[in-house]
Structure formats: C-alpha cells, structure tokens
Amino acid sequence: MKNKILPRNELVELVRAFQEEGKKIVFTNGCFDLLHVGHIRYLEEAKELGDILIVGINSDSSVKKLKGEGRPVVPELERAEILASLGCVDFVTIFEEDSPEPLLLLLQPDWHVKGGDYKASELPEAKTVTSYGGKIKILSYAPDHSTTILLQKLGHGNCSDRKQPG
5 MKNKILPRNE
15 LVELVRAFQE
25 EGKKIVFTNG
35 CFDLLHVGHI
45 RYLEEAKELG
55 DILIVGINSD
65 SSVKKLKGEG
75 RPVVPELERA
85 EILASLGCVD
95 FVTIFEEDSP
105 EPLLLLLQPD
115 WHVKGGDYKA
125 SELPEAKTVT
135 SYGGKIKILS
145 YAPDHSTTIL
155 LQKLGHGNCS
165 DRKQPG
C-alpha cells in the first residue's frame, strides 16, 4: 500500500511513462477526511474514466485552512493509507497548496474529476486543466453523504469543541 503513496516528483515520472503507453490518467483531489460511501462511489466512478486513478489529498495544514479548527480528524498519512488501500485508487499524493493547480500542471492528467457538488464553470483549476488539453468531468453526487454531515451526526459540529483525551 505504501508504494501507492508517492511524492509528486516520483509520480510525474510514472504518469509520463503511463501516458507514453497510451494509458488514460484520471486525477481527483480533496480532503477525504472521514471516508464514507459518497467518497467510495465517487472514486469508483472516477476510475471508470481511465486506466490510472490518482488521488491528491490536501495536507493537514491545507485542510485546516479550508475546513477550520478541529479538521482534519484523520492525519494526512493515515488518510493517504486508507485511500491507497482501495482497489480503484492507483496512486495517492499529498499536496500542501490550497489548490491542486500546481499538481495538475505538473502531472497533466487526461481527466480532472470532481464530485457533483461542484460545477465545472466554478472550478478555479478549470483554466489550468484546459490549458494543457485536459478535460474536466463532474461526477454524480451522493446527497446527505459528507464528512461534515457525518461529524454533525456524531455530535461534533466542526470538531472545534472536541475534547482531547486526558
């Protein structure tokens, strides 16, 4: 599993080799804080678009900026390991930036996919993807399935009120 978690410099070499073989590269990104059925359905659907599915996950500091105090619940290396264990995920990389744009520009995947809670026209990275000839695909969305909803059901709100053990 750990050999599926790669730094971007190793990943770019693999991607180029796969592309030279004619394989289609699919990329998606997100926090993937608490893995739930919406994530699984989304990742399986993404994999159907190509041969290799790469998942970029936001680093802990990036998640905290995006989601606020108390997030992420699960540390970045554990989130990466969980995603890497899925059969539909070929590689995982962690990125520090607030946006996946630098990673997309480096990897230049054939497809950049996002969940149905996004609109292609609203994606800041859309211009980057189309600049190198990539395509954007918005996948289906599993309503009522999100980490925020899951945390609310567990009574944690945004987790900032969570008490630390002992």
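So this note's numbering is basically just the index in the sequence shown, starting at one, shifted up by 4.
Cβ atoms here follow ideal geometry from the backbone N, Cα and C, with glycine treated the same way.
Buried versus exposed, by CB contacts within 10 Å (16 or more), residue i
| i | result |
| --- | --- |
| residue 21 | exposed |
| residue 164 | Residue confidence for residue 164 is low, a pLDDT of 42 falling below 50, so the modelled location carries little weight; the figure read from the coordinates is stated next. The residue is exposed, with fewer than 16 neighbouring Cβ atoms inside 10 Å. |
| residue 66 | buried |
| residue 167 | The predicted model places residue 167 with a pLDDT of 34, which falls under 50 and marks its position as unreliable, so this point remains unresolved. |
| residue 11 | exposed |
| residue 71 | buried |
| residue 73 | exposed |
| residue 128 | exposed |
| residue 27 | exposed |
| residue 118 | buried |
Per DSSP, the bridge partner or partners of residue i
| i | result |
| --- | --- |
| residue 95 | 58 |
| residue 9 | 96 |
| residue 142 | 118 |
Extent of the continuous beta strand (DSSP E) to which residue i belongs
| i | result |
| --- | --- |
| residue 34 | 29–34 |
For residue i, the first and last residue of its enclosing alpha helix (DSSP H)
| i | result |
| --- | --- |
| residue 42 | 41–51 |
| residue 64 | 64–71 |
| residue 83 | 80–88 |
Reference residue i, options the options, closest by Cα
| i | options | result |
| --- | --- | --- |
| residue 85 | 60, 72, 109 | 60 |
| residue 43 | 99, 83, 112 | 83 |
| residue 69 | 102, 79, 37, 95 | 102 |
| residue 35 | 16, 100, 134 | 100 |
| residue 19 | 98, 140, 87, 94 | 94 |
| residue 30 | 138, 159, 10 | 138 |
| residue 79 | 90, 62, 72, 92 | 62 |
| residue 140 | 40, 52, 32, 110 | 32 |
| residue 116 | 9, 46, 24 | 46 |
| residue 77 | 114, 14, 37 | 37 |
| residue 109 | 136, 48, 124 | 136 |
| residue 114 | 58, 90, 124, 159 | 58 |
| residue 142 | 25, 134, 123 | 123 |
**Message:** What ranges does the alpha helix (DSSP H) occupy inside the segment 107–140, keeping only unbroken runs of at least 4 residues that lie completely in it?
**Reply:** 130–135
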